[in-house]
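Residue numbers (full-length UniProt numbering): 1 to 198.
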């Protein structure tokens, strides 16, 4: 069972990871998260980043180190990870890597209710999804090829490889599902159960 975290937002984990290297101010944290591609896996904006920084300070995982004054920019507070923050980061990371956790993705919800849609319409919608998945797969493959061509080490692309594996598995699944929806026995059974409701 997953441990209840004081600050459970995945953005907090990414912020702590960036701060393991050196103290940072929130603007620089945001820039580095984007530069390192974390915005592809973690949703955030400027206000959510500042909110997470406040939560991490309150939890004692980071602390103000200094305030930097620059004539061309507003005053910025630099934060450093604390010993508690370092322990929290590594404990949380070990849990996430070792322990599978149940997620409730929207597509899973749709699949649980798919039988309500007419088979032909469900097939059309899934065919559209298949095209979108194919485009995502192509984009990720191109990104991985470009990054490795530029000399980026494989370990910095593992989340892209994981995303690619999930998309390819979903593509195979959806392809099979479309075939199953076209089976005459299924179409006949659907019309017997739901035909009068449409």
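Even glycine gets a Cβ: it sits at the ideal position worked out from N, Cα and C.
Check                                                                                                                                    : Outcome
State the start and end residues of the unbroken alpha helix (DSSP H) segment that holds residue 39.                                     : That residue, residue 39, is in no alpha helix (DSSP H); it is neither H nor E in DSSP.
Can you say whether residue 106 is buried or exposed, counting buried as having 16 or more other CB atoms within 10 angstroms of its CB? : exposed
Measure the alpha-carbon distance for residue 161 versus residue 144 and round it to whole angstroms.                                    : 8 Å
Check each candidate in 114, 18, 50, 100 and name the one with the smallest Cα separation from residue 76.                               : 50
Taking the continuous alpha helix (DSSP H) assigned at residue 7, which residues delimit it?                                             : Per DSSP, residue 7 belongs to no alpha helix (DSSP H) and is neither H nor E.
Pick helix, strand or coil for residue 66, following the three-state DSSP scheme.                                                        : strand
So, are the CB atoms of residue 136 and residue 167 less than 8 Å apart?                                                                 : yes
What do you reckon, are the CB atoms on residue 190 and residue 119 nearer than 8 Å?                                                     : yes
Is the distance from the Cβ of residue 53 to the Cβ of residue 27 below 8 Å?                                                             : no
Residue range of the alpha helix (DSSP H) that residue 183 falls in?                                                                     : No alpha helix (DSSP H) contains residue 183, which DSSP labels as neither H nor E.
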